[in-house]
Amino acid sequence: ILRESSRSRNTGMCCGAGGGRMWIDEDPSQRVNTLRVDQLLETKPDVIASACPYCMTMLSDGIKEKQLEDQVETRDILELLADAVV
4 ILRESSRSRN TGMCCGAGGG RMWIDEDPSQ RVNTLRVDQL LETKPDVIAS ACPYCMTMLS
64 DGIKEKQLED QVETRDILEL LADAVV
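Add 3 to the 1-based position in the sequence shown for the working numbering, that's all there is to it.
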């Protein structure tokens with residue numbers, strides 16, 4: 004089942020890497036990627052997918068910060084597509 008975050012499309016939110024936030028030392032609870040992961044976790048995903056390599060890194064880091072690596076996986080959208088057609 005494919006689900007979108009409540010903040011998507013014209014209300015979407017950057018993971019933070021596009022603005023260079025991956026290089027800023029911040030309080031973990033206030034990091035943009037952690038806030039974005041919180042929004043995405045509201046959909047109760049098994050997988051969080053993105054087509055952006057920066058987002059993949061930032062979202063993976065946010066999931067690790069929450070110690071959910073064994074429950075939620077990050078994958079590229081193309082990987083999901085490839086799995087579906089093979």
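For each residue, glycine too, the CB sits at the ideal point set by N, CA and C.
Endpoints, the beta strand (DSSP E) within which D79 is located | Start and end: E76 to D79.
Name the two residues that bound the continuous beta strand (DSSP E) containing S63.
-> For S63, no beta strand (DSSP E) run applies; the uninterrupted alpha helix (DSSP H) run containing it begins and ends at P56 to E68, by DSSP.
Provide the residue span of the beta strand (DSSP E) that contains V35, from first to last.
-> It is not in any beta strand (DSSP E) - V35 instead sits in the alpha helix (DSSP H) that spans V35 to L44.
Spatial distance of C58 from V35 (CA atoms) = Going by the C-alpha atoms only, they are around 11 Å apart.
Assign S63 to one of two classes, buried (16 or more other C-beta atoms within 10 Å of its C-beta) or exposed (fewer than that).
-> Around the beta carbon of S63, 16 or more other beta carbons sit within 10 angstroms, so the residue counts as buried.
Proximity of A52 and E72 at Cβ, strictly below 9 Å | Contact: no.
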